[in-house]
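So the sequence lines, in the order shown, correspond to chains G and H. Just add 55 to wherever you are in the first sequence, counting from 1, and you've got the working numbering. Just add 55 to wherever you are in the second sequence, counting from 1, and you've got the working numbering. From the three backbone atoms N, C-alpha and C, an ideal C-beta is built for every residue, glycine too. From a predicted model like this one, the values you see are computed outputs, not experimental measurements. One structure is given below, encoded as structure tokens.
2 protein chains.
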Amino acid sequence: MVQFVGVQTIVDLIAAKGPEQFLAGLVSYIEQDFKRWEAFEKSARLASHSRDGVIELMPTSDGELYAFKYVNGHPNNTRNGLLTVTAFGVLADVHTGYPLLLSEMTVATALRTAATSALAAKYLARKDSKIMALIGLGAQAEFQALAFKAVLGVRQLRVFDVDVAATRKFTANLADYGFTIIAANSVADAVRGADIVTTATAAKSRAAVITAEMIADGVHFNAIGGDCPGKTEIHRDALLRTRIFVEFPPQTRIEGEIQQLGADSPVTELWRVIVGAAPGRISSQDVTLFDSVGFAIEDYSTLRYLRDLMQSSGLDRTLDLVPHLEDPKDLFGLVANRGMPVGTDLRGKLALKRIA
Amino acid sequence: MVQFVGVQTIVDLIAAKGPEQFLAGLVSYIEQDFKRWEAFEKSARLASHSRDGVIELMPTSDGELYAFKYVNGHPNNTRNGLLTVTAFGVLADVHTGYPLLLSEMTVATALRTAATSALAAKYLARKDSKIMALIGLGAQAEFQALAFKAVLGVRQLRVFDVDVAATRKFTANLADYGFTIIAANSVADAVRGADIVTTATAAKSRAAVITAEMIADGVHFNAIGGDCPGKTEIHRDALLRTRIFVEFPPQTRIEGEIQQLGADSPVTELWRVIVGAAPGRISSQDVTLFDSVGFAIEDYSTLRYLRDLMQSSGLDRTLDLVPHLEDPKDLFGLVANRGMPVGTDLRGKLALKRIA
């Protein structure tokens, strides 16, 4: 049987641990897997484009476990009350090819994106960071705030969204999580005095949410929203003032903020910072930027984490996604042993002869 | 909610219609989709190879529906009582990117392989075909027999397998389906006098189950077992005596019997015969061969068929694989509204100020 983590189950798992502890645990799984980055098969994602959006399959494997995520991106879905992005994923055993776990990943992707951001900031932001500006208060925002609180102890948020209702939703959702939330009246206002700046806007264009004059020494930028071709948030001049860290350069150069820069613009892979093979933050004046686009290994880590949580939680929900056969050659036995078929009209009589 | 077809559900669906009617219906879905072959996006499959086997993702889309199949191939699995091949698949709405149906496809793949074979034979075998030789009585065998009965009315089978237990299993499973089954004592014996020859052996090598001297005028060969690099069933000299029909040449040249021939050996695409753009059988003496390897469009047709069957059957099983949100920006609301999180130790008090 294949374990199943549906929407209700992941909500229950998050509630059982508390969101911050859930995120802290997920950060440690992603960190473990980034430390063995070179063990992973890093395929391109397989994308199917249409007029309305894109459907992608993102696989990876470390030779023990195989994971893939199905994820769509349909910008106009919100007009019909649907999510722009939904996702689900599967973890499988490389040695048998059998699927082990199927999980919703709409919620899980928000969690892993936030966890990866916090992991990057752990290595790139100033150790004394206390204040985070959060620009864009959509579906990702609360997860980002909680991940930064869980990992870096950030409790002061300066937030801005062009949509007042989004700000209201954000503050209401986080009412019980111990933050001081300041609703700023502009991006520049929110960014002023912040140690960390997280941008997670939904603008579907070459936006310039952050401009060069907003950059103060020592700030770490966590750029979430620029994540597909044609969608960026940081003005090119601002980008050029930062030292840039990425997940997987071939993907980020197409999807991230750095699509605005040349194909050989200098970037550092985050995993190399984590294993100590490349420098992260050099000084307290250094301006760093994590150009987040999301990578398959993070989904792998998330599925691995969910599998372990399911095992320890006592929650149990399974699907009969793979048959169990006494005799592997007798697949038809599943049908035959079910009892007599209902459609009797076409059946006749057996006449078995043997040529011996 | 996403519809779910588990192993038990597909067994119930097959039983409700009767296996032959189920297969006949599936043949018509595949035929419909082969008739609009050019409407489909035909990607390469995405394969992850390991020492023990391979895990593949096979997507396709016609601009309305998107489908992919997860399928593994692990030859040593039977040593541990596991299936060599398991599969599952998803059908999704191209316009929203939302998954619609998740189905087991281990059983469904056997069904669609048999249905595609029968479809090919409908266009390629002699109309007066009455006797089928069936070489290799493994997991695929009963499905092949039933599909040929349903579509071509074949009721006489001459069967052979090196494993006597497989023959016993096959005849027992089909005891109530109105076949005359003759257990032959060699491949040559089984093939003698047959109008159609189906080969579905599991030999993992360059086998020569069928050799040139076994070929009689007018026979149609349905070659199932040669389906991955290094695995073939028909001797090269025998192949050269047939006119060869394939699903998707770029894939069949790698995986099918024709991997033994040159890269520009003549083949005809089955869909072109079905739409009348290429000749199928030319005369009653013609020797035809369908070099079956399995293609993503067949899985698409199968998932589409299963969705329609679920709708008409009254069977209903759904999964909460995608969240439903009142406000698409409020993903965190799923967690927040669940009630108060259990992990209370990290939560504190809200302090909301506004800079106005």
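_Let me confirm a value: H:Arg409 is counted as buried when at least 16 other C-beta atoms fall within 10 Å, else exposed. Which label applies?_
Counting from one through the second sequence, the residue named residue 409 of chain H turns up at place 354. Only weak support exists for where H:Arg409 lies, its pLDDT of 25 falling under 50; the coordinates are left without a value.
*Could you give the distance in angstroms between the alpha-carbon of H:Ala267 and the alpha-carbon of H:Val328?*
Residue 267 of chain H sits at position 212 when you count from the first residue of the second sequence. Residue 328 of chain H sits at position 273 when you count from the first residue of the second sequence. So the two alpha carbons sit approximately 25 Å from each other.
_Please determine whether the Cβ atom of H:Tyr121 lies at a distance below 8 Å from any heavy atom of the ligand SAM._
Absence of the ligand SAM from the depicted structure is noted, as is the absence of any ligand whatsoever, leaving it without description.
*Can you tell me the Cα-Cα spacing of G:Leu192 and G:Val217, whole angstroms?*
As a first step, residue 192 of chain G must be located in the first sequence, where it is residue number 137. As a first step, residue 217 of chain G must be located in the first sequence, where it is residue number 162. Straight-line Cα distance between these residues: approximately 9 Å.
*Name the chain H residues whose beta carbon is nearer than 8 Å to that of G:Asp385?*
Within the first sequence, residue 385 of chain G is the residue found at index 330, counting from 1. Ordered by position in chain H, the residues that pass the 8 Å Cβ test against G:Asp385 are Ala194, Lys224 and Asn228.
_Boundaries (first-last residue) of the beta strand (DSSP E) holding H:His194_ = Locating residue 194 of chain H in the second sequence gives position 139, counting from the first residue. In the sequence as displayed, the identity of residue 194 of chain H is Ala instead of His. Element bounds for H:Ala194: n/a, residue is neither H nor E.
*Using 9 Å as the limit for Cβ to Cβ distance, is G:Tyr121 near chain H?*
Position 66 of the first sequence, counted from the start, is the residue given in the question as residue 121 of chain G. Yes, because at least one Cβ of chain H sits closer than 9 Å to the Cβ of G:Tyr121.
*Are the C-beta atoms of G:Leu138 and some chain H residue less than 9 Å apart?*
Residue mapping note: residue 138 of chain G aligns to position 83 of the first sequence, counting from 1. Yes, its Cβ sits closer than 9 Å to a Cβ of chain H.
*Could you name the residues that DSSP lists as bridge partners for H:Pro154?*
Along the second sequence, one-based indexing puts residue 154 of chain H at 99. Bridge partners of H:Pro154 according to DSSP: H:Ala147.
*Can at least three beta-carbon pairs, one atom from the region 144-163 of chain G and one from the region 326-341 of chain G, be found at a separation below 8 Å?*
no
*Between the C-alpha atoms of H:Phe276 and H:Asn132, what's the straight-line distance to the nearest angstrom?*
Looking up residue 276 of chain H in the second sequence gives position 221. Looking up residue 132 of chain H in the second sequence gives position 77. If you take the alpha carbons of H:Phe276 and H:Asn132, they lie about 29 Å apart.
*Let me know if G:Arg223 comes out buried or exposed under the rule of 16 or more other beta-carbons within 10 Å of its beta-carbon.*
Reading the first sequence from its first residue, position 168 is the one you call residue 223 of chain G. Counting Cβ neighbours within 10 Å, G:Arg223 comes out exposed, since fewer than 16 surround it.
*Please list, in chain order, all residues of the same chain as H:Arg362 whose beta carbon is under 8 Å from its beta carbon, the five residues on each side excluded.*
Walking along the second sequence from the start, residue 362 of chain H turns up at place 307. Excluding sequence neighbours, H:Arg362 sits near Gln58, Leu146, Leu155 and Leu156.
*Leaving out five residues before and five after G:Cys283 in sequence, what residues of the same chain have Cβ atoms less than 6 Å from its Cβ?*
As a position in the first sequence, residue 283 of chain G is number 228, starting the count at 1. Around G:Cys283: Glu310.
_So, for G:Ala188: in the same chain, excluding its five sequence neighbours on each side, which residues have a beta-carbon less than 6 Å away from its beta-carbon?_
Here residue 188 of chain G is taken as the residue at index 133 of the first sequence, counted from 1. Same-chain partners within the cutoff: Arg213, Ala245, Val246, Ala249 and Val252.
*Looking only at its own chain, which residues have a Cβ that is under 7 Å from the Cβ of G:Val377, when we skip the five neighbours before and after it?*
Here residue 377 of chain G refers to the residue found at position 322 of the first sequence. Val57, Tyr153 and Pro154, listed in sequence order.
*For H:Pro114 and chain G, any beta-carbon pair shorter than 9 Å?*
Within the second sequence, numbered from 1, the residue matching residue 114 of chain H stands at position 59. Look at H:Pro114: its C-beta is under 9 Å from a C-beta on chain G.
*Below 9 Å between beta carbons is the criterion; list the residues of the region 354-380 of chain G that meet it against any residue of chain H, in chain order.*
Leu374, Asp375, Leu376, Val377, Pro378, His379 and Leu380
*Compare the C-beta of G:Ser172 with all C-beta atoms of chain H and state if any pair is closer than 9 Å.*
Here residue 172 of chain G refers to the residue found at position 117 when the first sequence is read from its first residue. Not one chain H Cβ lies under 9 Å of G:Ser172.
*In chain order, what residues of the same chain have a beta carbon less than 7 Å from the beta carbon of G:Ile236, not counting five sequence neighbours either side?*
On the first sequence, position 181 is the one that residue 236 of chain G refers to. Closer than 7 Å at the Cβ level, and outside the excluded window around G:Ile236, lie Leu212, Val214, Thr226 and Leu229.
*Return yes when the Cβ of G:Phe95 is within less than 9 Å of the Cβ of H:Tyr125, no when it is not.*
Mapped onto the second sequence, residue 125 of chain H falls at position 70. Mapped onto the first sequence, residue 95 of chain G falls at position 40. Contact: no.
*Between the Cα of G:Asp385 and the Cα atoms of H:Gly136, H:Ile65 and H:Leu295, which residue gives the shortest distance?*
By 1-based counting over the first sequence, the position of residue 385 of chain G is 330. Closest by alpha carbon: H:Gly136.
*Classify G:Gln87 as buried or exposed, calling it buried when 16 or more other Cβ atoms lie within 10 Å of its own Cβ.*
In the first sequence, residue 87 of chain G corresponds to position 32, counting from 1. Classification for G:Gln87: exposed.
*Name the residues in the region 75-100 of chain G whose C-beta lies less than 7 Å from a C-beta of chain H; which are they?*
Result list: Glu75, Gln76, Glu96 and Ser98.
*If you run the structure through DSSP and keep just helix, strand and coil, what is H:Pro284?*
Taking the second sequence and counting its residues from 1, one reaches residue 284 of chain H at position 229. Reduced to three states, the DSSP call for H:Pro284 is coil.
*asked:* When you compare the region 348-363 of chain H with the region 299-310 of chain H, are there three or more beta-carbon pairs, one atom per stretch, that lie closer than 8 Å?
replied: yes
*Quick one: does H:Ser105 have its CB under 9 Å from some CB of chain G?*
The count along the second sequence starts at 1 and reaches residue 105 of chain H at position 50. With 9 Å as the cut-off, H:Ser105 counts as an interface residue toward chain G.
*Would you say G:Ala202 reaches chain H, if we count a Cβ-Cβ gap shorter than 9 Å as a contact?*
In the first sequence, residue 202 of chain G corresponds to position 147, counting from 1. Output row for G:Ala202: interface = no.
*Just how far apart, CA to CA, sit H:Thr343 and H:Phe300?*
For the purposes of this step, residue 343 of chain H is taken as the residue at position 288 of the second sequence. For the purposes of this step, residue 300 of chain H is taken as the residue at position 245 of the second sequence. Going by the C-alpha atoms only, they are around 8 Å apart.
*Can you give me the start and stop residues for the alpha helix (DSSP H) that G:Ala165 sits inside?*
Mapped onto the first sequence, residue 165 of chain G falls at position 110. First-last of the alpha helix (DSSP H) with G:Ala165: Thr161 to Leu179.
*Cα separation between H:Arg372 and H:Val60?*
For the purposes of this step, residue 372 of chain H is taken as residue 317 along the second sequence, with counting starting at 1. For the purposes of this step, residue 60 of chain H is taken as residue 5 along the second sequence, with counting starting at 1. Between H:Arg372 and H:Val60, the C-alpha separation is close to 7 Å.
_DSSP three-state label for H:Pro321, please._
Position 266 of the second sequence, counted from the first residue, corresponds to residue 321 of chain H. Three-state result, H:Pro321: coil.
*What does DSSP give as the partner residues of H:Ile186 in its beta bridges?*
Looking up residue 186 of chain H in the second sequence gives position 131. Bridge pairing for H:Ile186: H:Gln211 [DSSP].
_Between H:Ile313, H:His104 and H:His290, which has its C-alpha nearest G:Thr151's C-alpha?_
Start at 1 with the first residue of the first sequence, and residue 151 of chain G comes out as number 96. Taking only the C-alpha atoms, the option nearest G:Thr151 is H:His104.
*Cα-Cα separation, H:Thr323 to H:Leu179*: As a working note, residue 323 of chain H is residue 268 in the second sequence. As a working note, residue 179 of chain H is residue 124 in the second sequence. Taking the straight line from one Cα to the other gives about 11 Å.
_Taking its Cβ as the centre, do 16 or more other Cβ atoms sit within 10 Å of G:Leu197, making it buried, or is it exposed?_
Position 142 of the first sequence, counting from 1, holds the residue named residue 197 of chain G. Reading the sequence as shown, one finds Glu at residue 197 of chain G and not Leu. The residue is buried, with at least 16 neighbouring Cβ atoms inside 10 Å.
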